[in-house]
Amino acid sequence: MFTEHAHNGLIFDTADCISAVGGVRHAFTTRLGGVSPAPFDSLNFFERTGDSVENVRENYRLLGAATGLDLSRAVGCRQVHGDHIRFIRASDAGRLLYDERPADADGMLTDVPDLPLVVYSADCCTILLYDPTCRCVGALHAGWRGTAAGIALKALVAMMSAYGADPMTIRAAIGPSIGACCFKTDRDVPDAIRAELSESADRFITKAEGGKYHVDLKQINRLWLLRGGLDPRNVAVHPDCTMCRPERYWSHRRLGARRGGQLAVIALENI
Ligand SMILES: [Zn+2]
3 MFTEHAHNGL IFDTADCISA VGGVRHAFTT RLGGVSPAPF DSLNFFERTG
53 DSVENVRENY RLLGAATGLD LSRAVGCRQV HGDHIRFIRA SDAGRLLYDE
103 RPADADGMLT DVPDLPLVVY SADCCTILLY DPTCRCVGAL HAGWRGTAAG
153 IALKALVAMM SAYGADPMTI RAAIGPSIGA CCFKTDRDVP DAIRAELSES
203 ADRFITKAEG GKYHVDLKQI NRLWLLRGGL DPRNVAVHPD CTMCRPERYW
253 SHRRLGARRG GQLAVIALEN I
């Protein structure tokens, strides 16, 4: 369901259900193939955890060369673990470094070609959306709070109302993130999820020792996407757990605060 790409040692994945329909470029990065030194080695896109802006800029340049995306036009957002979604316009092009980004949003949508949308993570889910028929894309960051709040469904509804997107043609991909194997939580997380999804979320929440719970955030986001009317064949879920594979991914839970971060990016091609 996902394909690995290597370009001069830079490793990233793409979702086959998105690539297959064409008209778009996208990527889910790993920590492999950048220029940053330890402990940010080596493909790091966070410039606020100790790495230099110069290293991060060079990593963007290398990713652009590997993917064919013009990342000089890319837009990020200041993620706050919420469910607010912003519509991104051509005038936002290039707002990529933290201080320049649109504030307080965890999701972005656009119908402007050649305007890459970037979301960041180091365990949280990243979700990319693409409607090849009405030509619009989305990028979402979904930590447990955003997952519980249903940011995935809110983004679909916004795509439909703003751009006329059709859920039956939308493609979605959920990137590498912490798996149920490693995401061990207190009761507040399952309580927040059950408050929104009731018993349909139960099969993705299992009890652990000491009053803890294992929660499968990727599958809960998939559930939200299916509630929005997406065809299950058009929803890809990356199998990797970021905490289980620290040699390949950044993981906040494994590495702590002084580490790098990965990204997911998508842009309509100018056709
Ligand atoms: Zn794991």
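When we follow this note's numbering, the leftmost residue of the sequence shown carries the number 3, and every step to the right adds one.
Cβ atoms here follow ideal geometry from the backbone N, Cα and C, with glycine treated the same way.
In this text the structure is predicted, and so the values were computed from the model without any measurement.
Terminal residues of the continuous alpha helix (DSSP H) containing D71? The question names Asp, yet the displayed sequence has Leu at residue 71. Premise fails: L71 is in no alpha helix (DSSP H) and is neither H nor E.
Beta carbon nearer than 5 Å to a non-hydrogen atom of ligand 1: G181, C183, C184, C243, M245, C246
How about A174 and L111: do their beta carbons lie closer than 8 Å? no
Applying the 10 Å Cβ sphere with the 16-neighbour rule, what's the burial state of R189? exposed
Residues near C246 in its chain [Cβ-Cβ closer than 8 Å; skip 5 each side]: G181, C183, C184
Give me, in chain order, the residues of the same chain whose beta-carbon lies closer than 7 Å to that of A160; leave out the 5 immediate sequence neighbours on both sides. I87, L111
Option nearest D72 by Cα separation, candidates K186, H28, F42: H28
Just tell me which of G109, G70, S74 has its CA closest to the CA of F89. G109
Around the C-beta of G258, are 16 or more other C-beta atoms found within 10 angstroms, so that it is buried, or is it exposed? exposed
Under three-state DSSP, which class holds E6? strand
Rounded straight-line distance, which links the Cα of R250 to that of T135: 34 Å
DSSP three-state assignment for L133, whether helix, strand or coil: At residue 133 the sequence reads Asp, which differs from the Leu that was named. In the structure shown, D133 sits in a strand (DSSP, three-state: E or B).
Taking one C-beta from the stretch 18-25 and one from the stretch 77-84 each time, how about it: are there three or more such pairs within less than 8 Å? no
Return the chain-ordered list of same chain residues with a C-beta closer than 7 Å to the C-beta of E60, the five sequence neighbours on each side being excluded. V37
Limits of the beta strand (DSSP E) - the one that D15 falls within: 12-17
Secondary structure of I87, DSSP reduced to three states: strand
Paired residues, beta bridge with I176 - DSSP: I129, V239
What are the start and end residues of the beta strand (DSSP E) that includes L142? 138-144
Contact between the stretch 222-240 and the stretch 133-153 is defined here as three or more beta-carbon pairs at a separation below 8 Å; is this criterion met? Result yes; three or more Cβ-Cβ pairs closer than 8 Å.
Sequence-distant residues of the same chain with beta carbon closer than 6 Å to V76, five excluded per side: According to the sequence displayed, residue 76 carries Ala and not Val. L98, P118, V120, listed in sequence order.
Check Q264 in the structure and name its three-state DSSP category. strand
Of the residues V239, D94, D233, S163, the one placed nearest I129, counting alpha carbons only: V239
Would you kindly work out how many angstroms separate the C-alpha atoms of G66 and R260, rounded to a whole number? Cα to Cα, the separation comes out at about 25 Å.
Through-space distance from R91 to G11, alpha-carbon basis: In this model, G11 and R91 are separated by some 33 Å (Cα to Cα).
For Y1, which option in K214, S253, L270 has the closest C-alpha, if you only look at C-alpha atoms? Because residue 1 is not part of the residues shown, which for the chain are 3 to 273, the question remains open.
Compute the Euclidean distance between the alpha carbons of D18 and E198, then round it to the nearest angstrom. When rounded, the distance between both Cα atoms is 30 Å.
Can you say whether E49 is buried or exposed, counting buried as having 16 or more other CB atoms within 10 angstroms of its CB? Classification of E49: buried, given that the 10 Å Cβ count is 16 or more.
Which listed residue (T244, D116, I273, T171) has its alpha carbon closest to that of V237: T171
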